[in-house]
Amino acid sequence: MCLLGVKSNEFTFPSVLKACSMKRDLNMGRKVHGMAVVIGFESDGFVVNILVVMYAKCCLLADSRRLFGGIVEQNVVSWNAMFSCYVQSESCGEAVGSFKEMVRSGIGPNEFSISIILNACASYWLIAGCVLHNRNDLALMLLDEMKGSGTHPNMFTLSSALKACATMGFKELGRQLHSSLIKMDADSDLFAAVGVVHMYSTFLLNVCGNLFAYADRAFSEIPNRGIVSWSAMIGGYAQHGHGKEALQLFNQMLRDGVTQPYYFENYACMIDLLGRSGKLNEAVELVNSIPFEADGSVWGALLGAARIHKNIELGQKAAEMLFDLEPEKSGTHVLLANIYASAGIWENVAKVRKLMKDNKVYTFIVGDRSHSRSDEIYAKLDQLGDLLSKAGYSPIVEIYIHNVNKREKEKLLYHHSEKLAVAFALIATAPGALTRVKKNLRICVDCHTFLKYVSKIDSREIVVRDINRFHHFKDGSRSCGDYW
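Using UniProt numbering, you'd call the opening residue of the sequence shown number 1 and step up by one each time.
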């Protein structure tokens with residue numbers, strides 16, 4: 001084209017530079033760059049953006065940064081080009097940092113920005129996700145693979161890995177990660193510092209006779225201590241039975257003007273402290289004063305206190321709540337059995353152990369036929385349909401907006417997961433046995449009505465925990481009064 005005397009324009013250079021970028025042909029790319037400068041396209045947005053990407057692909061990230069910094073009016077396209085450079089050079093931490101800088105400058109991301117950053121964050125967030133879901137071994141294995149591939153973990157990743165080390169008791173690895181944070185000059189960052197405090201307080205390191213020396217030092221170096229950092233330190237003391245020190249720290253937090261929001265962890269921590277010190281009445285009063293529905297951590301703290309002080313009545317109450325909230329956790333049964341054993345009530349110990357053996361958690365989805373007793377389950381549903389119709393139940397087909405006939409809608413309603421779960425309970429458990437169902441979504445109005453009638457004709461108590469609240473069905477009545 002040049003030999004024929006055809007002049008290049010703002011569309012020619014991006015196309016040629018993109019080809020150089022794909023082939024990683026640095027020599028040709030620099031020649032084209034020079035021609036763009038001579039002709040006067042060195043400040044054209046399209047040309048500069050593709051130059052930024054080309055130099056990054058040719059491992060010249062410094063040149064990419066220089067070109068990007070020279071763009072007078074940076075827009076989302078030029079930022080995306082820089083994000084791509086960082087990702088291609090495996091500088092994913094810098095990609096995320098640049099993304100934050102772009103947002104702070106007032107430029108909103110587009111779908112390409114989100115895609116690039118998600119790709120950059122994938123390995124980092126995967127490690128954090130593993131820790132969140134208690135797959136600490138996998139998190140540390142991914143961290144090792146990340147290092148082996150030449151990708152440098154960022155502050156957030158190391159902080160997540162610190163939590164994994166604390167949970168698994170890997171002291172030496174935890175100290176190595178702490179050293180890495182110090183070298184990155186990130187140990188004073190709030191998120192990283194809280195991770196360090198949590199790790200050392202969990203290990204309960206005794207250095208030079210000074211208990212929690214490392215945790216105390218990390219905590220004292222946090223510049224602006226908020227509720228998260230205070231909670232980590234208080235929780236560390238409480239976890240190892242240092243109730244007096246934890247309460248002193250809690251009072252110091254209040255004196256410093258740090259207010260505690262209504263977190264379950266805060267309540268669970270205080271209930272644990274009160275329970276360990278034998279103040280069970282105050283612990284129960286605190287549970288009753290919580291302005292929202294207490295979760296498993298709160299009742300678990302109360303159950304632990306009941307075990308320590310051999311309070312059978314309180315232990316039974318806490319265990320019953322945990323059976324509803326966390327039916328899949330066997331630890332509740334173990335603690336309750338220990339309470340009975342401490343009191344010498346061996347027949348109750350045998351009952352709890354039998355309950356552990358008999359109780360299993362079964363999972364159902366809409367229209368599920370994967371269970372080995374599926375034929376019996378669906379036969380039971382058909383039987384219930386006839387019985388409930390005679391009792392006055394009529395399927396509420398109006399909730400289905402699909403364009404199918406009424407009979408098909410009724411069939412779809414009968415295959416809802418909670419109906420399958422209850423039908424299985426009716427054929428697999430003793431008559432009148434309590435049935436517990438945990439649902440990940442809000443229970444629909446038809447299932448709600450269906451279960452009301454089942455509880456009446458089968459003389460069975462049914463407890464359903466959906467995403468909003470508990471629903472207790474017994475003798476045809478409902479605890480929620482049809483409001484949910």
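Beta carbons: idealized from backbone N, C-alpha and C, even for Gly. Just so it is clear, the structure is predicted and the values come from calculations on it, not from any experiment.
- Under the DSSP assignment, F68 falls in the alpha helix (DSSP H) whose first and last residues are L61 to G69.
- Assignment of H371 by DSSP, reduced to helix, strand and coil, places it in the coil class.
- Here A421 is near F364, since their CB atoms are less than 7 Å apart.
- In terms of CA proximity to E293, L322 leads the group L322, H448, S277 and V47.
- Collapsing the DSSP output to three states places F364 in coil.
- Across the structure, E461 and D475 are spaced so that their CA atoms are roughly 7 Å apart.
- Fully contained in the UniProt domain "DYW" (392–484) are the following alpha helix (DSSP H) runs of length 4 or more, in chain order: 406–414, 417–428 and 445–457.
- Under the 10 Å beta carbon count, Y362 is surrounded by fewer than 16 other beta carbons and is classified as exposed.
- If you check the CB distance, V87 and A95 come in under 7 Å.
- Per DSSP, reduced to three states, the secondary structure at P14 is helical.
- Pairwise C-beta distances place the segment 121–140 in contact with the segment 153–170, as three or more of them are shorter than 8 Å.
- Under the criterion of beta carbons closer than 8 Å, R478 and K438 do not qualify as touching, at roughly 17 Å.
- Look at A215 here: in three-state DSSP terms it is helix.
- If you draw a straight line from the Cα of E418 to the Cα of K390, it is about 21 Å long.
- Around the beta-carbon of W230, 16 or more other beta-carbon atoms lie within 10 Å, marking it buried.
- In the three-state reduction of the DSSP assignment, V334 falls in the helix class.
- In the three-state scheme derived from DSSP, where H, G and I count as helix and E and B as strand, N49 is classed as helix.
- If you look at A301, you'll find it in the alpha helix (DSSP H) that goes G296 to I308.
- Straight across, the Cα-Cα distance linking L138 with Y200 is about 21 Å.
- Of the residues assessed, R307 falls on the buried side of the cut-off, its CB having 16 or more other CB atoms within 10 angstroms.
- The continuous alpha helix (DSSP H) containing A161 extends over residues M155 to M168.
- DSSP places G315 in the uninterrupted alpha helix (DSSP H) bounded by I312 to L325.
- In the DSSP assignment, V38 falls within the alpha helix (DSSP H) that extends over L26 to I39.
- Only buried fits P153, as 16 or more other CB atoms lie within 10 angstroms of its CB.
- By alpha-carbon distance to S21, the top candidate from Y55, T12 and H33 is Y55.
- Scanning A423, V397, L426 and I339 for the CA closest to the CA of L412 turns up V397.
- In this structure the segment 64–79 touches the segment 97–110; the number of beta carbon pairs closer than 8 Å is three or more.
- Within the same chain, Cβ atoms closer than 7 Å to the Cβ of L426 are found at K380 and D458, the five residues on either side in sequence being excluded.
- Here L387 is exposed: its Cβ has fewer than 16 other Cβ atoms, across all protein chains shown, within 10 Å.
- Taking a 10 Å sphere around the C-beta of K183, we find fewer than 16 other C-beta atoms and assign the residue as exposed.
- The continuous alpha helix (DSSP H) containing N281 extends over residues L280 to S289.
- In the displayed model, I377 falls within a helix according to three-state DSSP.
- Cβ-Cβ distances below 7 Å link A301 to A268, I271, D272 and G275 in the same chain, with the five nearest sequence neighbours on each side left out; the list follows chain order.
- Annotated as proximal: V366 and H415, with beta-carbon spacing under 7 Å.
- Contact between G278 and H309 holds, with the beta-carbon distance rounding to 6 Å and staying under 8 Å.
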